[in-house]
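J.: To start, I am sharing the structure in question, which I have written as structure tokens.
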Amino acid sequence: DAGVIQSPRHEVTEMGQEVTLRCKPISGHDYLFWYRQTMMRGLELLIYFNNNVPIDDSGMPEDRFSAKMPNASFSTLKIQPSEPRDSAVYFCASSSTSLYSYEQYFGPGTRLTVT
Amino acid sequence: AQSVTQLGSHVSVSEGALVLLRCNYSSSVPPYLFWYVQYPNQGLQLLLKYTSAATLVKGINGFEAEFKKSETSFHLTKPSAHMSDAAEYFCAVSDRTGGFKTIFGAGTRLFVKA
């Protein structure tokens with residue numbers, strides 16, 4: 318099992334540019350989560366999907382952030398335009414109804430730096 | 007509403023000493039409880055979980071945790087610390103009736119001294 322795959326692993330961009338983060342969940346998992354981790358705010362849930370449908374996006378900081386899941390094996394998190402305060406590590410995680418106990422499997426993260 | 011409180015943002019122990027990381031939760035319904043570990047530059051990985059079976063739960067790398075409903079606690083322990091245990095540890099809670107949304111604590115960084 319390849320685990321959750323995220324790309325890129327590192328992204329450096331200038332303020333105002335569009336940034337797209339990508340995630341491939343574990344095959345067969347029907348839940349997908351996007352988190353942001355910073356020193357100041359810890360681990361924050363941004364949005365999660367069930368069967369490709371967004372269930373809760375209350376953690377998305379503002380309209381500059383958007384997430385999509387066009388199919389069961391791919392999701393994107395887009396920031397447009399990016400700002401320095403968006404600098405963080407972004408994690409994707411997946412889970413499965415069949416697990417019953419809701420544990421999540423995390424990807425390695427994308428470290429985003431906005432200058 | 008659910009919440010998780012981890013007592014102590016940093017814990018330092020000597021190699022071979024007992025590890026104790028504290029976690030208290032709040033949940034209006036019987037919870038699922040988890041401990042995750044994060045090594046530098048990696049994602050979180052599941053250490054152990056409580057799902058209403060045995061209250062003493064054993065996980066990977068010699069860690070265990072005990073669910074105490076009366077104290078609303080789920081503290082993580084390991085009898086003898088190893089240098090490789092140095093990492094950040096997160097306690098988390100899920101509401102079984104609320105789907106898969108999981109609330110994570112702020113994390114506790116464990117330092118292990120030689």
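Heads up: the sequence lines are chains A and B, in that order.
This note's numbering puts the last residue of the first sequence at 432; the count rises by one with no breaks.
This note's numbering puts the last residue of the second sequence at 120; the count rises by one with no breaks.
Note that the Cβ used here is the ideal one computed from N, Cα and C, for glycine as well.
Keep in mind it's a predicted model, so treat the numbers as computed, not measured.
Are three or more beta carbon pairs between the region 30 to 40 of chain B and the region 391 to 399 of chain A nearer than 8 angstroms?
T.: At 8 angstroms Cβ cutoff, the stretches do not touch.
J.: Can at least three beta-carbon pairs, one atom from the region 372 to 381 of chain A and one from the region 355 to 363 of chain A, be found at a separation below 8 angstroms?
T.: Yes, since at least three Cβ pairs between the region 372 to 381 of chain A and the region 355 to 363 of chain A fall closer than 8 angstroms, the two stretches touch.
J.: Just curious, the beta strand (DSSP E) that B/K119 is in, first and last residue?
T.: Here the beta strand (DSSP E) through B/K119 covers T114 to K119.
J.: Three or more beta-carbon pairs under 8 angstroms between the region 38 to 58 of chain B and the region 90 to 97 of chain B, yes or no?
T.: With the cut-off at 8 angstroms, the region 38 to 58 of chain B and the region 90 to 97 of chain B touch.
J.: Considering only DSSP beta bridges, list what A/L429 is partnered with.
T.: A/E328 and A/A405.
J.: Looking at A/S411 and A/V329, is the spacing between their C-beta atoms short of 8 angstroms?
T.: Contact flag unset, no.
J.: What is the residue span of the beta strand (DSSP E) that A/F366 lies within?
T.: Taken as a continuous stretch (DSSP letters only), the beta strand (DSSP E) holding A/F366 covers G359 to N367.
J.: Do you know how far the Cα of B/A93 is from the Cα of A/Q334?
T.: Cα to Cα, A/Q334 sits roughly 34 angstroms from B/A93.
J.: Does any residue of chain A have a CB that is nearer than 8 angstroms to the CB of B/G113?
T.: It does; some Cβ of chain A falls within 8 angstroms.
J.: So that I know if they touch, is there some Cβ in chain B lying closer than 8 angstroms to that of A/F423?
T.: So, interface residue.
J.: Under 8 angstroms between C-beta atoms, does B/F117 make it to chain A?
T.: By this cut-off, B/F117 is not an interface position.
J.: So does the region 336 to 345 of chain A actually touch the region 18 to 26 of chain B, counting three or more Cβ pairs closer than 8 angstroms?
T.: At 8 angstroms Cβ cutoff, the stretches do not touch.
J.: Can you list, in chain order, the residues of its chain whose CB lies under 7 angstroms from that of A/F423, leaving out five sequence neighbours each side?
T.: Closer than 7 angstroms at the Cβ level, and outside the excluded window around A/F423, lie V321, F408 and A410.
J.: Closer than 9 angstroms, Cβ to Cβ, to anything on chain B: give me those residues from the region 373 to 393 of chain A, in chain order.
T.: Flagged, chain order: D373.
J.: Exposed or buried, which one is B/Q48 when buried takes at least 16 other CB atoms within 10 Å?
T.: The residue is exposed, with fewer than 16 neighbouring Cβ atoms inside 10 Å.
J.: Which residues, in chain order, does the region 329 to 357 of chain A contribute to contact with chain B at a C-beta distance below 7 angstroms?
T.: Those residues of the region 329 to 357 of chain A that come within reach of chain B (Cβ to Cβ, closer than 7 angstroms) are Y348.
J.: Going by DSSP, what residues sit across from B/H88 in a beta bridge?
T.: Beta-bridge pairing links B/H88 to no other residue.
J.: Less than 8 angstroms between CB atoms is the rule here; does A/F408 satisfy it with respect to chain B?
T.: Yes, A/F408 lies at the interface with chain B (some Cβ there is under 8 angstroms from its Cβ).
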